[in-house]
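Asker:
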Amino acid sequence: MIKVCIVGLWGMMLMLSEAALAEGSEHQSQLEEQISTAIADEIGADRISIHLDHTPATLSQSLDQPVLAVNHVDRSKHTFDITITYPAASESSSLPADHLKGSYDTWKQVPLVKIPIEKGQVIHEESLTTQWVKTSTVPHDTATQMSQITNSVAKRSLAEGKWVRTRDIEQPVLVKRNDLVTILYKTQNLTLQSQAIALEDGSKGDRIRLKNAESKKEFMGIVDDQHTVLIPTSG
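Heads up: the sequence shown runs through residues 1 to 235, numbered per the working numbering.
Encoded structure:
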């Protein structure tokens with residue numbers, strides 16, 4: 001009988017211990033989430049992850065919503081220190097403030113290839129997805145915006161799940177050498193249209209040489225669209 005009672009008591013103690021650990025873990029997760037939000041707001045980041053140098057001693061207690069105060073953030077070293085105060089559970093009780101230090105990593109959403117893309121293929125948004133990754137792991141020449149990639153042309157085959165590097169893509173050629181192109185001259189109140197011959201290839205935004213088919217005079221224009229070139233105005 002005594003043995004049964006001891007076993008039962010031991011089992012109850014284990015259950016209480018597991019419950020306390022689970023509660024402490026939940027409190028720590030909630031606190032880390034609040035700290036992450038506070039630091040992210042301080043540095044203007046969309047998402048960060050943090051690592052605390054030590055665990056607050058008061059996490060094992062059931063506490064009201066803590067009040068966070070960011071003391072300092074070192075953006076170059078990615079470190080911070082923060083003070084946490086706890087509202088008293090009653091007028092007669094109080095808890096000491098926690099002064100915590102830690103480090104953080106910023107995260108960003110980066111486009112990834114969702115389905116394999118062949119060399120020479122125009123890349124559409126449907127071929128891409130995004131994923132949150134640590135900023136420190138992203139190579140400097142990675143295209144980090146969808147707008148950098150969509151409607152560009154793959155210079156090489158791109159495998160599923162890979163980041164897109166700027167060297168992997170190029171803007172599509174909208175005007176080819178010897179094409180007969182539309183020339184637009186626009187001012188605030190006037191638009192003139194004519195035609196000319198392109199003397200070189202060009203993508204959107206490229207300055208290219210053109211030739212008037214009748215006068216043979218050469219001039220410069222800016223590629224705007226398929227077979228369309230704008231003549232820059234002085235004002």
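All residues carry an ideal CB built from backbone N, CA and C; glycine is no exception.
Only a predicted model underlies this, so the values are computations on that prediction, with no experimental measurement involved.
With distances taken from CA atoms, which of S215, S194, Q131, D41 is nearest P111?
Answerer: For the purposes of this step, residue 111 is taken as residue 111 along the sequence shown, with counting starting at 1. For P111, the nearest C-alpha among the options comes from Q131.
Asker: Quick one: any contact between the stretch 174-184 and the stretch 134-150, if contact means 3 or more CB pairs under 8 Å?
Answerer: no
Asker: If you reduce the DSSP assignment to three classes, tell me which class A213 lands in.
Answerer: As a first step, residue 213 is located in the sequence shown; it is residue number 213 there, counting from the start. Three-state DSSP puts A213 in coil, outside helix and strand.
Asker: Taking only the alpha-carbon atoms, compute the straight-line gap between S60 and I82 and give it to the nearest angstrom.
Answerer: For the purposes of this step, residue 60 is taken as residue 60 along the sequence shown, with counting starting at 1. For the purposes of this step, residue 82 is taken as residue 82 along the sequence shown, with counting starting at 1. The predicted model places S60 with a pLDDT of 49, which falls under 50 and marks its position as unreliable; any figure quoted below should be read in that light. Each residue's Cα considered, the two are about 19 Å apart.
Asker: Would E33 and V73 be called neighbours here (beta carbons separated by less than 8 Å)?
Answerer: Stepping through the sequence shown from its first residue, residue 33 is reached at position 33. Stepping through the sequence shown from its first residue, residue 73 is reached at position 73. Against a cut-off of 8 Å, the Cβ pair of V73 and E33 comes out as no contact.
Asker: State the DSSP-derived secondary structure class of T144, mapped to helix, strand or coil.
Answerer: Taking the sequence shown and counting its residues from 1, one reaches residue 144 at position 144. Note: T144 maps to coil in three-state DSSP.
Asker: What separation, rounded to the nearest whole angstrom, lies between the Cα atoms of L254 and E125?
Answerer: No answer is possible for residue 254: the residues shown for the chain start at 1 and end at 235.
Asker: Do K187 and T233 have their C-beta atoms within less than 8 Å of each other?
Answerer: Taking the sequence shown and counting its residues from 1, the one referred to as residue 187 is at position 187. Taking the sequence shown and counting its residues from 1, the one referred to as residue 233 is at position 233. Note on identity: in this sequence residue 187 is Thr, with Lys being the wrong assignment. A contact, by the Cβ cut-off of 8 Å.
Asker: What's the C-alpha gap between H51 and K108?
Answerer: Numbered from 1 along the sequence shown, position 51 holds the residue referred to as residue 51. Numbered from 1 along the sequence shown, position 108 holds the residue referred to as residue 108. Near 18 Å, if we compare the C-alpha coordinates of K108 and H51.
Asker: By how many angstroms is the C-alpha of V113 removed from the C-alpha of T37?
Answerer: Against the sequence shown, residue 37 aligns to sequence position 37. Against the sequence shown, residue 113 aligns to sequence position 113. One C-alpha to the other measures close to 30 Å.
Asker: Keeping to the same chain, check which residues put their C-beta closer than 6 Å to that of E26; ignore five residues upstream and five downstream.
Answerer: Taking the first residue of the sequence shown as 1, we reach residue 26 at position 26. Residues of the same chain with a CB within less than 6 Å of the CB of E26, apart from the 5 flanking positions on each side, do not exist.
Asker: Leaving out five residues before and five after Q226 in sequence, what residues of the same chain have Cβ atoms less than 7 Å from its Cβ?
Answerer: Counting from 1 along the sequence shown, the entry for residue 226 is found at position 226. Around Q226: L174.
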